[in-house]
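Our numbering puts the first residue of the sequence shown at -7, with every later residue one more than the last. Below is one structure, written out as structure tokens, with a few remarks after it.
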Amino acid sequence: MNIMTPTPPSKGRVDVDNFALSYDTLEGPVEAVSNASIHVNPGEFVSIVGPSGCGKSTLLNAVAGFLKPTRGGVTVDGEPIDGPGADRGMVFQQYSLFPWKTVKGNVEFGLKMKHLDKSSRDRAARTLLGLAGLTAFENKYPDSLSGGMKQRVGIVRALATGPKVLLLDEPFGALDAQTRVIMQQILTNMWQRLKISVLFVTHDIDEAIFLSDRVYCMTARPGSIKAEITIPLERPRHQSMMMSSEFLGLRRGLMSLIREESIKAMGGELNDLALDGLSIDLHGQSLADVL
Ligand SMILES: Nc1ncnc2c1ncn2[C@@H]1O[C@H](COP(=O)(O)OP(=O)(O)O)[C@@H](O)[C@H]1O
Ligand SMILES: [Mg+2]
């Protein structure tokens, strides 16, 4: 055996089979997802993209165990999901930190749930905070942190229980472009070091391509899987790759898939003719001249 070959991760397989979920509302059932089958191999980074309201969060929340499917099933390593569990960590777009706990306190909270003793908790929290570059901030309170830092704490806290699968729902959506890029890099580093599986929801196509091994594209609501795209870009990935013809080709393909679905999601009232009507031709004048 070649000792240089790292052993592939053996845990963290997610299978979502023929999944459907309807919400009960006063006006009757709302079908959010009609039929979706996805899988994540152990150690794989998989993204789900799709137009707003297509059921991405619904699907992710079912994998987290917060919602029960109306039809179909979700398993992790063959075990049916029956509620939230320490084997899955979840990161939301809105920072869900405890404001009354320090950074380290927030991270240790997950470890307490695992009934670790104080010194093991301390060591584990410090290691994870170090991986996310947060060692200097361990005694700070969330209020004094920037958005990017809060979200790093959110990721570290989700990782503290030692999950096999990390679930992230548009985690960088509220961050500025520069911070986003740094966060993507940090997430990739942590994923590679910890060898866990990641299921990542985003509406940002570039982000999905840059981060993922595979991308699922969903249809407009009620959501189903429209396409599955393998991202053959080599790792480690660098920002400069986003200008490569390979990246741009993948981007073009995904853009046209999503565009079709976004138009459907808007009730189909936006066609190319309507979009033409929105174009503003300045005929060489500046906007100030026209207004
Ligand atoms: N609690 C709920 N009750 C009723 N309808 C809901 C509820 N949550 C989401 N929906 C509807 O289900 C659809 C899918 O929502 P969601 O999964 O949040 O979409 P996405 O994350 O892709 O934007 C949307 O049309 C949304 O309005
Ligand atoms: Mg959502």
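Note that the Cβ used here is the ideal one computed from N, Cα and C, for glycine as well. Since the model is a prediction, treat every value here as computed from it, not as a measurement.
Pick from L89, T62, L203 that is closest to V190, judged by C-alpha positions: Here the question's residue 190 lines up with position 198 in the sequence shown. Of the candidates L89, T62, L203, the one whose C-alpha sits nearest the C-alpha of V190 is L203.
L120 and F129 closer than 8 Å at C-beta: Here residue 120 refers to the residue found at position 128 when the sequence shown is read from its first residue. Here residue 129 refers to the residue found at position 137 when the sequence shown is read from its first residue. In this structure, L120 sits away from F129, with a CB-CB distance that is not shorter than 8 Å.
contact_flag[the region 242 to 252, the region 197 to 211] where n(CB pairs < 8 Å) is 3 or more: yes
Stretch-stretch touch, CB-based, cutoff 8 Å, three pairs: the region 161 to 170 with the region 204 to 217: no
Exposure of W183, with buried meaning 16 or more beta-carbon neighbours within 10 Å: Here residue 183 corresponds to residue number 191 of the sequence shown, with the count starting at 1. The residue in question, W183, is buried, as its Cβ has 16 or more Cβ neighbours within 10 Å.
Spatial distance of F11 from F192 (CA atoms): Numbered from its first residue, the sequence shown carries residue 11 at position 19. Numbered from its first residue, the sequence shown carries residue 192 at position 200. So the two alpha carbons sit approximately 18 Å from each other.
is_contact[G259, chain B] using C-beta, thresh 8 Å: Absent from the structure is chain B; it holds one protein chain and no more.
Buried/exposed call for A78, threshold 16 Cβ in 10 Å: The sequence position of residue 78 within the sequence shown is 86, counting from 1. The residue is exposed, with fewer than 16 neighbouring Cβ atoms inside 10 Å.
C-alpha distance - I221 paired with R113, whole-angstrom precision: Along the sequence shown, one-based indexing puts residue 221 at 229. Along the sequence shown, one-based indexing puts residue 113 at 121. Inter-residue distance for I221 and R113 is about 40 Å (C-alpha atoms, whole angstroms).
Beta bridge counterpart(s) of Y15 as assigned by DSSP: Within the sequence shown, numbered from 1, the residue matching residue 15 stands at position 23. DSSP lists V22 as partners of Y15.
Rounded Cβ spacing between I174 and G42 (contact assumed at less than 8 Å): For the purposes of this step, residue 174 is taken as the residue at position 182 of the sequence shown. For the purposes of this step, residue 42 is taken as the residue at position 50 of the sequence shown. Between G42 and I174 the Cβ distance is about 26 Å, and since that is not below 8 Å, they are no contact.
Where F202 falls: helix, strand or coil (DSSP): Locating residue 202 in the sequence shown gives position 210, counting from the first residue. DSSP places F202 in helix when its eight states are reduced to three.
C-beta contact flag for D69 and G57 at 8 Å: Position 77 of the sequence shown holds residue 69. Position 65 of the sequence shown holds residue 57. No; because the gap between Cβ atoms is not below 8 Å, this pair is not in contact.
Coarse secondary structure for S216, derived from DSSP in three states: Counting from 1 along the sequence shown, the entry for residue 216 is found at position 224. Three-state result, S216: strand.
Rounded distance between the beta-carbons of K142 and P134, thought under 8 Å: Here residue 134 refers to the residue found at position 142 when the sequence shown is read from its first residue. Here residue 142 refers to the residue found at position 150 when the sequence shown is read from its first residue. Going by Cβ atoms, the distance from P134 to K142 rounds to 6 Å, so yes, they are a contact pair.
Any beta strand (DSSP E) of 3 or more consecutive residues that is wholly inside the region 33 to 101: Under the rule that a run must span 3 or more residues, the beta strand (DSSP E) segments found entirely inside the region 33 to 101 read 37 to 41, 63 to 68, 80 to 83.
Contact shell at 7 Å, judged by CB to any heavy atom of ligand 2, ordered along the chain: Listed by chain position, these are K48, S49, D161, E162, V193.
Cβ-heavy atom distance, T17 to ligand 1, below 7 Å: For the purposes of this step, residue 17 is identified with residue 25 of the sequence shown, where counting begins at 1. Yes.
G42 CB to nearest heavy atom of ligand 1 below 7 Å: Start at 1 with the first residue of the sequence shown, and residue 42 comes out as number 50. Yes, since a heavy atom of ligand 1 falls inside the 7 Å radius drawn around the Cβ of G42.
Residue closest to V38, alpha-carbon to alpha-carbon, out of V99, E253, F84, V6: What you label residue 38 is simply residue 46 of the sequence shown in a count that begins at 1. V6 is the residue among V99, E253, F84, V6 whose C-alpha sits nearest the C-alpha of V38.
Residue range of the unbroken alpha helix (DSSP H) whose run includes L246: Indexing the sequence shown from 1 puts residue 246 at position 254. Counting along the chain, the alpha helix (DSSP H) containing L246 begins and ends at 237 to 257.
C46: CB within 7 Å of a non-hydrogen atom of ligand 1: On the sequence shown, residue 46 is found 54 positions in, with the first residue counted as 1. Checking every heavy atom of ligand 1 against the Cβ of C46, one is found closer than 7 Å.
Coarse secondary structure for S232, derived from DSSP in three states: Residue mapping note: residue 232 aligns to position 240 of the sequence shown, counting from 1. The answer is helix: DSSP assigns S232 an H, G or I state.
Boundaries (first-last residue) of the beta strand (DSSP E) holding S111: The sequence position of residue 111 within the sequence shown is 119, counting from 1. Segment 110 to 123 is the alpha helix (DSSP H) holding S111; no beta strand (DSSP E) there.
DSSP state of I30 mapped onto helix, strand, coil: Counted from its first residue, the sequence shown places residue 30 at position 38. I30: strand per DSSP, three-state reduction.
Cβ-heavy atom distance, G213 to ligand 1, below 7 Å: For the purposes of this step, residue 213 is identified with residue 221 of the sequence shown, where counting begins at 1. For the sequence presented, residue 213 should be read as Arg rather than Gly. Yes; taking the cut-off as 7 Å, the Cβ of R213 has a heavy atom of ligand 1 nearer than that.
Exposed unless 16 or more other CB atoms sit within 10 angstroms - verdict on E238: As a position in the sequence shown, residue 238 is number 246, starting the count at 1. Exposure of E238 is indicated by the presence of fewer than 16 other C-beta atoms within 10 angstroms of its C-beta.
Where L103 falls: helix, strand or coil (DSSP): By 1-based counting over the sequence shown, the position of residue 103 is 111. If DSSP states are grouped into helix, strand and coil, L103 belongs with the helices.
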